[in-house]
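In what follows, a structure is listed as structure tokens, so that the remarks can point back to it.
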Amino acid sequence: MKKSFFFLLYLLSFKTYSQNIVLQPIYFNETINNITIKDDYRFIENNKDTTIQNWYKANSIYTKNILNKIPGRKELYEQFSIFDKRKTSTVSIFHYGNNQTIYFLKTDEKDNTIKAYIKNRQEEKVLFDPKEYKKETGLEYSITYAKVSWDEKFIALNLVKKGEEIGEIIFLNIHTKTILPINLTNNWASIGGINWLKDNSGIIYMEIPVIDKNNPDYILNSQSVVYKLNDYYNSKKIVFSKKNNSECTISSADFPYFLSYSPKDKYVIATLGGVSSYRDTYYFSYSDLEKNKINYKLLYKKEDGFFGVYIYENYIYALSSKNNPNFSIVRTSIDNPNFENPEIIVKENKYEVIDDYALTPEGLFYTTTKNGIQAKLYLAKNGNVKELILPKNAGKITLSTKTKYENEIWVTISGWLNSNERYLYSPKTNTFIEDNITPVPQYPEFANLIIEEIEIPAEDGKLIPVSIIRNKNIKYNGKNNVILNSYGAYGVSIKPSFQTIYLTWVLKGGIYVVSHVRGGGEKGSKWYKDGFKETKPNSWKDLIATAEYLIKKKITSNKKIAIIGLSAGGITVGRAITERPDLFKVLIGNSADFNISRIKNTPNGPNNMKEFGNPDIEKEFINLLEMDAYLKIKKGVKYPACFIDVGMNDARVPIWNSGKFVSKLKNCTSSKNPILFSIRYDSGHYSPKNELNDKFADYFAFTLWQLGHPDFQVKK
1 MKKSFFFLLY LLSFKTYSQN IVLQPIYFNE TINNITIKDD YRFIENNKDT
51 TIQNWYKANS IYTKNILNKI PGRKELYEQF SIFDKRKTST VSIFHYGNNQ
101 TIYFLKTDEK DNTIKAYIKN RQEEKVLFDP KEYKKETGLE YSITYAKVSW
151 DEKFIALNLV KKGEEIGEII FLNIHTKTIL PINLTNNWAS IGGINWLKDN
201 SGIIYMEIPV IDKNNPDYIL NSQSVVYKLN DYYNSKKIVF SKKNNSECTI
251 SSADFPYFLS YSPKDKYVIA TLGGVSSYRD TYYFSYSDLE KNKINYKLLY
301 KKEDGFFGVY IYENYIYALS SKNNPNFSIV RTSIDNPNFE NPEIIVKENK
351 YEVIDDYALT PEGLFYTTTK NGIQAKLYLA KNGNVKELIL PKNAGKITLS
401 TKTKYENEIW VTISGWLNSN ERYLYSPKTN TFIEDNITPV PQYPEFANLI
451 IEEIEIPAED GKLIPVSIIR NKNIKYNGKN NVILNSYGAY GVSIKPSFQT
501 IYLTWVLKGG IYVVSHVRGG GEKGSKWYKD GFKETKPNSW KDLIATAEYL
551 IKKKITSNKK IAIIGLSAGG ITVGRAITER PDLFKVLIGN SADFNISRIK
601 NTPNGPNNMK EFGNPDIEKE FINLLEMDAY LKIKKGVKYP ACFIDVGMND
651 ARVPIWNSGK FVSKLKNCTS SKNPILFSIR YDSGHYSPKN ELNDKFADYF
701 AFTLWQLGHP DFQVKK
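Residue 292 in the UniProt record's numbering is what sits at position 292 of the sequence shown, and the numbering runs on without skipping anything.
Below you can see the structure in the form of structure tokens.
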């Protein structure tokens with residue numbers, strides 16, 4: 001204990017901004033696939049080492065001390081909070097009941113707690129407040145998933161402790177508001193969901209056998225189980241797992257679960273979840289659930305290019321990328337499915353990517369986006385397709401229905417400068433009726449902000465979509481502060497969404513830029529595959545090309561660009577600064593992956609290998625080495641200022657991933673730019689809403705300090 005105390009004092013005795021609190025490298029070489037890897041900071045991976053833990057603490061304390069000295073940080077935080085308070089609450093409907101009853105989750109902006117509500121006509125009641133759950137333990141819980149039984153007697157609620165993702169299921173009696181004496185642990189409902197049995201006797205959910213992040217079997221061998229509420233002696237029955245279903249070729253990394261179904265559905269769809277949208281998918285007769293063995297039948301393999309599967313009446317619908325990089329919508333008979341030659345319901349659009357769809361008795365509604373940022377809505381019916389003109393331009397469209405057998409369909413639209421607005425579509429009059437659950441807040445401060453949607457040439461000539469949000473009066477003189485955001489993985493698009501945090505950056509005189517790099521889904525499946533495994537370098541090369549364009553057009557300069565990357569976006573931003581450190585002034589890493597070649601040793605690593613590569617395969621290991629920002633750091637290079645932020649409870653990207661990157665960078669950089677390392681001890685991979693303002697006040701204050709904003713300069 002005494003040794004640790006003096007070590008901490010020693011670390012805190014340094015006074016320089018950047019090369020402080022360092023860990024010296026310890027020689028370590030490793031040969032994999034006949035390639036020798038120099039990994040002199042491997043020792044940081046030992047989270048049980050008190051020296052490493054003290055190093056984390058020292059960095060965290062030092063970083064907080066520096067942030068507290070930056071004038072303007074407090075003002076940023078207060079401005080974020082002011083904008084938040086304009087929105088009285090955030091609502092998410094999870095069930096439409098009988099007699100115009102709706103069940104929803106609502107976040108009250110005053111206490112930032114997600115509560116479960118019921119509303120019948122005009123009367124609104126709280127059903128469950130997680131603050132009251134296990135109050136005596138002092139632990140904080142949040143609701144991440146809720147499912148109402150078909151007879152509306154119970155709600156199955158998934159509750160997760162603060163900073164974690166895997167939680168427990170409890171059962172709430174809707175009428176008495178009492179909790180049944182049942183607690184189902186080790187579930188990840190945000191992935192596998194919860195399904196009530198048709199007779200309301202129990203649920204089907206996905207169970208995670210091992211939830212200890214330090215166990216090598218962490219989140220492996222997941223299984224779907226049936227739980228009967230009143231069968232206390234034999235209540236849990238495994239129905240979909242690697243062990244029980246060898247005919248389904250389930251790997252230990254897969255998440256086997258059932259998709260949602262309705263009481264009218266004769267069949268159930270089972271899928272092997274993971275990081276990719278493309279999955280081996282099966283179906284079976286619902287009646288098999290009462291048998292000793294379920295007869296799973298293959299619908300399609302992940303290589304076939306189908307996803308978004310959905311049962312409607314006597315058909316199975318799906319999105320298809322097979323010879324359709326912008327996707328088509330297809331269907332096949334559910335009694336005799338044939339995905340080798342399905343019926344095409346909506347053909348591929350060469351200029352727009354099909355994004356989502358929903359079915360009602362009125363027809364098939366579907367949305368498209370152009371370059372991931374310009375959204376449209378269509379209705380396909382009786383072989384005809386027509387565009388439905390929205391009340392205003394949309395960057396993102398979300399569809400929701402009461403049930404698939406009722407006509408009601410709601411359309412929620414949003415954009416970079418427009419908060420969510422919800423409309424009920426009337427097919428009879430072809431009109432959209434405003435139907436917001438809570439008042440839409442107004443932000444007159446953003447009246448002078450505009451959006452530019454452009455395409456710029458990549459290194460290989462491909463056109464990269466780029467979104468620019470700025471004040472209409474700003475001048476392109478090479479002096480503008482820019483935050484440049486990107487991601488580029490899993491086929492995920494950065495869709496236009498109204499974020500007052502980033503718009504506050506613009507109010508501070510900055511420009512917010514999003515580079516829709518390859519690896520994302522903005523231009524369909526080919527755009528995704530062009531930033532995948534061996535083509536992954538396109539992701540950071542696209543980001544570099546975007547920065548070069550901004551400089552060339554005098555929108556900004558290399559001394560005024562900050563790049564930000566979250567999670568897998570760390571590959572993109574990390575490799576951008578290691579390949580072109582001269583282009584950027586600041587790097588912000590938010591739970592970022594900088595050491596991807598160690599994927600095999602990370603939580604959920606086996607699953608992520610499907611996206612990035614398997615180190616046991618020589619060709620894929622070479623790809624991983626090329627993606628690894630940590631390994632690309634070189635001694636004597638002038639690297640940008642860095643603010644690296646992590647959650648101690650991160651179950652996706654372990655804290656040592658950023659720890660190794662920070663330590664090596666501090667020892668290798670020849671610049672005097674500060675490198676700050678922030679550890680949030682109660683957080684996981686994602687931050688709760690009430691923590692976002694604090695995080696981004698840190699990010700922006702640090703960035704504006706480094707970019708030279710006069711209101712954020714630290715007095716020496």
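Cβ atoms here follow ideal geometry from the backbone N, Cα and C, with glycine treated the same way.
All values reported here derive from a predicted model rather than from experimental measurement.
- By the neighbour-count definition (other C-beta atoms within 10 Å, threshold 16), residue 475 is an exposed residue.
- In this structure the region 441-450 does not touch the region 483-496; the number of beta carbon pairs closer than 8 Å is below three.
- Taking residue 566 as reference, the option from 643, 527, 555 with the minimal CA-CA separation is 643.
- The beta carbons of residue 464 and residue 545 sit about 6 Å from each other, so the pair counts as a contact at 8 Å.
- Looking at the DSSP output, residue 238 bridges to 225.
- Sorting 615, 103, 453, 323 by C-alpha distance to the C-alpha of residue 33 places 615 at the top.
- For the options 709, 190, 701, the alpha carbon positioned closest to that of residue 63 is the one of 701.
- Just so you know, the alpha carbons of residue 434 and residue 440 end up roughly 11 Å apart.
- In this structure, residue 377 and residue 367 form a Cβ contact; the two beta carbons are roughly 6 Å apart against a cut-off of 8 Å.
- Here residue 241 is buried: its Cβ has 16 or more other Cβ atoms, across all protein chains shown, within 10 Å.
- In the structure shown, residue 571 adopts helical secondary structure according to DSSP, grouped into three states.
- Around the CB of residue 175, fewer than 16 other CB atoms lie within 10 Å, so the residue is classed as exposed.
- For the 7 Å CB-CB criterion, residue 221 and residue 252 form a contact.
- Annotation note: the region 30-72 contains the following uninterrupted beta strand (DSSP E) runs of length 3 or greater, listed N- to C-terminal: 35-38.
- With 16 or more neighbouring CB atoms inside 10 Å of its own CB, residue 598 falls in the buried class.
- Using a Cβ-Cβ distance cut-off of 8 Å, the region 576-595 and the region 523-536 are not in contact, since fewer than three pairs of beta carbons, one from each stretch, lie closer than that value.
- Collapsing the DSSP output to three states places residue 79 in a helix.
- Exposure of residue 183 is indicated by the presence of fewer than 16 other C-beta atoms within 10 angstroms of its C-beta.
- With fewer than 16 other Cβ atoms inside 10 Å of its own Cβ, residue 28 counts as exposed.
- Counting C-beta atoms within 10 angstroms of its own C-beta, residue 699 has 16 or more neighbours from the protein chains shown and is therefore classed as buried.
- In this structure, residue 675 lies away from residue 648, with their beta-carbon atoms at least 7 Å apart.
- Only residues of its own chain outside the window of five on either side were considered, and among them 166, 186 have a CB closer than 6 Å to the CB of residue 211, listed in chain order.
- Fully contained in the region 538-573 are the following beta strand (DSSP E) runs of length 3 or more, in chain order: 561-566.
- The straight-line gap separating the alpha-carbon atoms of residue 432 and residue 391 is approximately 7 Å.
- Fully contained in the region 375-406 are the following beta strand (DSSP E) runs of length 3 or more, in chain order: 384-388, 396-401.
- In the three-state scheme derived from DSSP, where H, G and I count as helix and E and B as strand, residue 312 is classed as strand.
- C-alpha of residue 354 to C-alpha of residue 387: approximately 13 Å in a straight line.
- Nearest to residue 160 by alpha-carbon distance, out of 142, 498, 714, 150, is 142.
- Per DSSP, the unbroken beta strand (DSSP E) holding residue 642 starts and ends at 641-647.
- Measuring C-alpha to C-alpha distances from residue 688 to each of 650, 289, 631 identifies 650 as the nearest.
- Contact annotation: the region 118-127 does not touch the region 70-86, with fewer than three C-beta pairs closer than 8 Å.
- DSSP lists 224 as the bridge partner or partners of residue 206.
- In this structure, residue 364 lies away from residue 337, with their beta-carbon atoms at least 7 Å apart.
- Residue 273 and residue 512 have their alpha carbons spaced roughly 34 Å apart.
- In terms of Cβ geometry, residue 478 and residue 517 do not form a close pair [threshold 7 Å].
- As a beta-bridge residue in DSSP terms, residue 195 pairs with 204.
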